[in-house]
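Working notes, beginning with the structure itself.
There are 2 protein chains.
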Amino acid sequence: MTETPDDRELITELLTLLRGGEEEALRIFLRLARTEDVAEWLHTLGAEDRQRILVALDHEAAGAVLTDLTASIRSELVDEIGPERLARIAETLPADEAADLIGELQPHETEQVLSHIADEDEAVLRGLLAYPEDTAGGIMTPEVVALKPEETVDDAIRFLRSAGEEIPISAVYVVDDERHLLGFVRLRRMVTARPAARLGDIMSTDVISVPVDTDQEEVADLVDKYSFLAVPVVDAEHRLLGVVTVDDVIDVIEEETTEDIYKMAGSSAEEEESESVLHVVRHRLPWLLVCLIGTQLSSLVLALASRDIGLYAQLSIFTAAIMAMAGNTSLQSSTTTVRRLALDTLPRSRFVRHVLRETTVALLMGLVCGGAASLLALVFHHNPMIGLALGPAMAIGMAAASLLGAAMPMVLDLVSVDPAVASGPLVSTINDSLALTLYFGVATAILVLVG
Amino acid sequence: MTETPDDRELITELLTLLRGGEEEALRIFLRLARTEDVAEWLHTLGAEDRQRILVALDHEAAGAVLTDLTASIRSELVDEIGPERLARIAETLPADEAADLIGELQPHETEQVLSHIADEDEAVLRGLLAYPEDTAGGIMTPEVVALKPEETVDDAIRFLRSAGEEIPISAVYVVDDERHLLGFVRLRRMVTARPAARLGDIMSTDVISVPVDTDQEEVADLVDKYSFLAVPVVDAEHRLLGVVTVDDVIDVIEEETTEDIYKMAGSSAEEEESESVLHVVRHRLPWLLVCLIGTQLSSLVLALASRDIGLYAQLSIFTAAIMAMAGNTSLQSSTTTVRRLALDTLPRSRFVRHVLRETTVALLMGLVCGGAASLLALVFHHNPMIGLALGPAMAIGMAAASLLGAAMPMVLDLVSVDPAVASGPLVSTINDSLALTLYFGVATAILVLVG
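Protein chains in written order, with this note's numbering: chain A, 8 to 458; chain B, 8 to 458.
Here it is, written out as structure tokens:
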């Protein structure tokens with residue numbers, strides 16, 4: 008019986024074996040370890056140790072470990088494996104994972120590996136590789152149990168026995184002679200049914216399936232919404248092609264969320280796939296250059312304001328404060344909006360209401376912060392006029408920034424652009440110049456009126 | 008046979024029924040609909056229509072719909088349901104979902120509902136309500152199939168038949184007389200085993216379980232890592248208490264990610280639970296006040312710089328640009344760091360290397376952006392000296408901001424504070440004053456040296 012394995016003890020042992028250079032003992036140690044743990048250890052080791060471990064693993068374990076690694080470390084390791092061993096490793100994996108593994112290679116390398124794979128498996132893999140990565144076809148496994156309605160529970164059990172234990176199966180699918188999907192029988196139902204019962208009689212016909220070109224995010228939403236363990240994938244004629252299982256869906260959810268989070272910060276999750284600094288720069292720099300061009304607007308506002316040098320020198324001391332407060336308020340609004348759109352808890356009918364709510368929240372917070380800022384300006388900078396101008400300008404600036412932060416993602420969503428890009432450098436740049444313009448505008452107006 | 012249901016048609020029909028006031032037809036329509044769809048429709052309707060639909064649902068459907076709603080809409084609806092109906096609804100739900108539903112009420116309301124529930128179920132619910140919400144105990148269902156090792160596959164099948172179809176079961180657990188967890192038999196294995204086989208002979212003893220007080224995030228990581236459909240929960244004596252299923256884990260992953268994203272923006276996911284503006288303000292305002300106090304540092308830097316008014320008026324035109332570029336670069340670094348820490352792909356042994364990488368990336372981007380900024384300043388503001396100062400200051404400012412953005416989350420992680428708070432207003436405030444100080448410092452130095 009195992010509790011959660013104690014990582015520290017095992018990894019110490021692994022390090023001892025690596026240092027000692029005892030390849031045979033290492034081999035035995037790795038055979039006894041869970042592949043998921045081995046994958047985790049690899050992330051903490053250096054490149055050389057990783058190679059030694061991969062060499063010491065048998066094909067099946069190597070396959071399981073490789074699929075659990077992050078993309079950058081996997082590609083580093085795969086580069087060192089010859090096409091023949093890679094083919095042997097791929098053969099031990101479920102077809103969808105094998106396709107993912109060899110699909111990441113350069114096209115000519117993929118061909119080399121495929122040439123070492125048995126014809127039948129090769130055809131299946133080529134079929135999977137043809138589907139776009141981020142669709143139902145790209146994440147499904149074609150290994151499903153599909154039987155005819157006239158077959159019995161006993162037939163199905165016999166089929167499951169021959170299929171081996173590795174493939175996780177939560178249901179048996181029922182198809183006609185042309186493989187059109189007719190229904191399914193949950194494993195649970197199979198257990199409790201009479202062995203002689205015909206599948207056609209006990210199947211559920213209320214089956215939700217997804218077309219093979221469905222976006223992976225939609226597939227994940229569906230599995231999440233209905234708490235499915237698997238969802239069948241069909242072609243345009245409703246013929247069964249495979250299933251997407253819940254563990255693939257968890258990966259999709261994490262992948263899509265990561266993509267969203269990176270986009271919000273003006274980057275891309277793909278940057279993680281490489282250790283190369285230039286690769287990361289390529290993903291981040293474009294956003295910063297957009298931002299840089301945008302800052303010209305802020306500079307223009309400041310240049311215009313600086314014409315009256317006396318007033319400007321006093322007012323501009325608080326430009327950083329105004330921009331920071333507007334920026335953070337806007338980030339709060341846009342983050343809430345982007346996340347709720349991603350989680351599908353913000354229907355379009357509530358868009359206007361949501362923007363109003365966010366703006367009201369920001370205005371309230373702006374009154375508090377503006378009041379406090381006025382007070383601070385008075386205490387530390389001894390100028391009541393500046394303090395008087397700072398408060399209202401901050402409140403209005405924060406409300407305007409929040410309006411923009413909440414509305415922008417929803418507008419992007421309406422025109423089918425990913426709302427996550429709205430949180431990034433793009434909006435913050437617009438916000439800065441907006442906040443500055445409001446600040447100098449309101450302040451000048453107040454100073455003119457009062458002064 | 009159903010494909011993905013066509014929402015638009017159904018919701019049009021629902022609206023017609025609601026407008027027509029035909030309660031009986033509405034009742035029938037709802038009985039034919041999937042509860043997951045009904046929950047989705049409720050999110051798009053007004054409060055009054057939501058109430059009417061909930062009244063028209065039978066207890067079982069109402070329970071399924073309520074568990075699928077967002078917290079704010081659920082609590083609005085639950086407030087209108089009497090304790091007796093709520094008890095009937097709770098009885099139709101799996102115990103963990105029933106506990107979640109009535110656990111959200113005020114303590115005295117929870118008591119009222121519990122008093123209407125049968126004694127045996129009440130005891131189970133009280134047991135579950137005692138576990139903290141965000142632990143294995145708080146998300147597990149106590150409804151597991153636990154049998155003795157000497158019982159047979161046939162016994163297990165008979166037990167499953169009597170248990171009813173609703174409870175999702177992926178394995179049968181094997182326990183001794185004191186309910187100590189000995190092993191498990193996957194449903195898959197049950198199907199293919201001989202009916203007379205003893206569970207003790209065919210069970211897997213290599214079972215990973217979690218203590219009842221394990222943090223829900225750890226439970227989710229475990230299920231994700233090993234691709235489990237369920238993980239058993241045990242007490243300190245290793246007695247089986249329940250299981251956490253994969254659909255609950257998906258909810259945990261979304262919940263924890265949402266919490267992270269909101270924290271990064273200086274807010275809290277709890278704000279969503281209420282429609283009240285003041286409630287939202289309470290979660291966001293504290294961060295902004297921290298930020299406001301922090302901006303005093305920026306104002307101080309600017310106040311010091313403004314002493315030499317002539318130079319200041321020219322330099323300060325670019326303060327917005329410097330701060331925006333430093334802020335966005337820092338956000339890119341901190342976001343990458345926070346997300347990789349959350350996904351466990353950044354082991355502590357690589358911390359220093361990661362910070363160096365991020366800083367190098369930022370320095371490279373800083374050189375490009377600084378160069379471009381110098382050029383822009385030259386073209387639009389006709390002052391080569393300012394341009395000369397702006398470039399290096401921007402490059403150094405961006406690298407420093409990135410260093411801070413990457414290091415801060417890791418330092419917080421080392422001292423066991425949630426790294427997500429590091430991306431928020433806290434770091435951006437420090438960044439602003441750092442960038443301004445560097446800007447005026449470097450610029451003054453260059454202008455003094457060159458001029």
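Cβ atoms here follow ideal geometry from the backbone N, Cα and C, with glycine treated the same way.
Leaving aside the five residues before and after residue i along the sequence, list all residues of the same chain whose C-beta is less than 6 Å from its C-beta, in chain order.
{"i": "residue 224 of chain A", "result": "263"}
{"i": "residue 45 of chain A", "result": "72"}
{"i": "residue 304 of chain B", "result": "440"}
{"i": "residue 64 of chain B", "result": "37"}
Contact criterion: CB-CB distance below 7 Å. Does residue i meet it with respect to chain A?
{"i": "residue 254 of chain B", "result": "yes"}
{"i": "residue 372 of chain B", "result": "yes"}
{"i": "residue 395 of chain B", "result": "no"}
{"i": "residue 120 of chain B", "result": "no"}
{"i": "residue 379 of chain B", "result": "yes"}
{"i": "residue 295 of chain B", "result": "yes"}
{"i": "residue 21 of chain B", "result": "no"}
{"i": "residue 437 of chain B", "result": "no"}
{"i": "residue 50 of chain B", "result": "yes"}
{"i": "residue 43 of chain B", "result": "yes"}
{"i": "residue 339 of chain B", "result": "yes"}
{"i": "residue 25 of chain B", "result": "no"}
{"i": "residue 208 of chain B", "result": "no"}
{"i": "residue 74 of chain B", "result": "no"}
{"i": "residue 59 of chain B", "result": "no"}
Under 8 Å Cβ to Cβ from residue i, same chain only, skipping five residues before and after it: list those, please.
{"i": "residue 334 of chain B", "result": "408, 435, 438, 439, 442"}
{"i": "residue 378 of chain B", "result": "398"}
{"i": "residue 290 of chain B", "result": "274, 275, 277, 278"}
{"i": "residue 5 of chain B", "result": "No information on residue 5 of chain B is available, as it lies outside the stretch 8 to 458 that chain B covers here."}
Among the residues of its own chain, which have a CB less than 7 Å from the CB of residue i, if the five just before and after it don't count?
{"i": "residue 67 of chain B", "result": "99"}
{"i": "residue 457 of chain B", "result": "392, 395"}
{"i": "residue 21 of chain A", "result": "36, 48"}
{"i": "residue 266 of chain A", "result": "276"}
{"i": "residue 10 of chain A", "result": "Reliability fails at residue 10 of chain A, whose pLDDT of 43 lies under 50, so the model's placement of it is uncertain and the value that follows must be treated cautiously. Contacts found: none."}
{"i": "residue 445 of chain B", "result": "400, 403, 404, 407"}
{"i": "residue 424 of chain B", "result": "none"}
Just checking: is the beta-carbon of residue i within a distance shorter than 7 Å of some beta-carbon in chain B?
{"i": "residue 290 of chain A", "result": "no"}
{"i": "residue 305 of chain A", "result": "yes"}
{"i": "residue 299 of chain A", "result": "yes"}
{"i": "residue 234 of chain A", "result": "yes"}
{"i": "residue 390 of chain A", "result": "no"}
{"i": "residue 142 of chain A", "result": "no"}
{"i": "residue 352 of chain A", "result": "yes"}
{"i": "residue 36 of chain A", "result": "no"}
{"i": "residue 328 of chain A", "result": "yes"}
Is residue i close to the ligand ATP? I mean its beta-carbon at under 6 Å from any heavy atom of the ligand.
{"i": "residue 343 of chain B", "result": "Only the bare structure without any ligand can be found here, which leaves the ligand ATP out of the picture."}
So, under 8 Å CB-CB, residue i and residue j are touching, yes? Tell me the CB distance rounded to an integer number of Å.
{"i": "residue 164 of chain A", "j": "residue 23 of chain B", "result": "Actually they are not in contact, since the Cβ atoms of residue 164 of chain A and residue 23 of chain B sit about 48 Å apart, beyond 8 Å."}
{"i": "residue 433 of chain B", "j": "residue 297 of chain B", "result": "6 Å"}
{"i": "residue 229 of chain B", "j": "residue 149 of chain B", "result": "That pair is no contact at about 19 Å."}
Contact the segment 383–403 of chain B vs the segment 357–374 of chain B: 3+ CB pairs below 8 Å
Yes, the segment 383–403 of chain B is in contact with the segment 357–374 of chain B.
Between the segment 77–109 of chain A and chain B, which residues of the former have CB atoms less than 7 Å from a CB of the latter, in chain order?
Result list: 77.
Does the segment 351–369 of chain B come within contact of the segment 409–419 of chain B, defined as at least 3 CB pairs closer than 8 Å?
Yes, the segment 351–369 of chain B touches the segment 409–419 of chain B.
Interface residues of the segment 308–320 of chain A facing chain B [CB-CB below 7 Å]
Flagged, chain order: 309, 310, 313, 316, 319, 320.
If you measure beta-carbon to beta-carbon, which residues of the segment 153–168 of chain A are closer than 7 Å to chain B?
Of all residues in the segment 153–168 of chain A, 164, 167, 168 have a Cβ within less than 7 Å of some Cβ in chain B.
Short of 9 Å Cβ to Cβ, which residues in the segment 258–277 of chain A face chain B?
Within the segment 258–277 of chain A, the qualifying residues are 258, 260, 261, 264, 265, 267, 268, 269, 271, 272, 273, 274, 276.
Assess, as a yes-or-no matter, whether the segment 246–259 of chain B is touched by the segment 227–236 of chain B under the definition of 3 or more beta carbon pairs within less than 8 Å.
The segment 227–236 of chain B vs the segment 246–259 of chain B: in contact.
Under 8 Å, with one C-beta from each stretch per pair, do the segment 334–343 of chain A and the segment 302–313 of chain B reach the 3-pair mark?
No, they do not touch.
Listed in chain order, which residues of the segment 439–452 of chain B have Cβ atoms closer than 8 Å to some Cβ of chain A?
Going along the segment 439–452 of chain B in chain order, one finds 439, 440, 443 with a Cβ nearer than 8 Å to chain A.
When Cβ atoms are compared, which residues of the segment 354–369 of chain A fall closer than 9 Å to chain B?
Of all residues in the segment 354–369 of chain A, those with a C-beta nearer than 9 Å to a C-beta of chain B are 354, 355, 356, 357, 364, 365, 367, 368, 369, reading in chain order.
Give me the subset of the segment 172–205 of chain A whose CB atoms are less than 8 Å from a CB atom of chain B, sorted by chain position.
Taking 8 Å as the Cβ-Cβ cut-off against chain B, the residues of the segment 172–205 of chain A that qualify are 172, 175, 176, 177, 188, 189, 190, 194, 195, 196, 197, 198, 199.
Would you say the segment 120–134 of chain B touches the segment 92–106 of chain B, given that touching needs at least three Cβ pairs under 8 Å?
Contact between the segment 120–134 of chain B and the segment 92–106 of chain B is present: 3 or more CB-CB pairs across the two stretches fall below 8 Å.
Closer than 8 Å is the cut-off here; do at least three beta carbon pairs connect the segment 195–215 of chain B with the segment 153–170 of chain B?
The segment 195–215 of chain B, when compared against the segment 153–170 of chain B, does touch it at the 8 Å Cβ threshold.
Would you check if the segment 214–223 of chain A and the segment 179–193 of chain A touch, i.e. whether three or more CB-CB distances between them fall below 8 Å?
Touching, yes.
Hey, is the segment 348–365 of chain A in contact with the segment 316–334 of chain A, meaning 3+ C-beta pairs nearer than 8 Å?
Too few Cβ pairs lie closer than 8 Å, so no.
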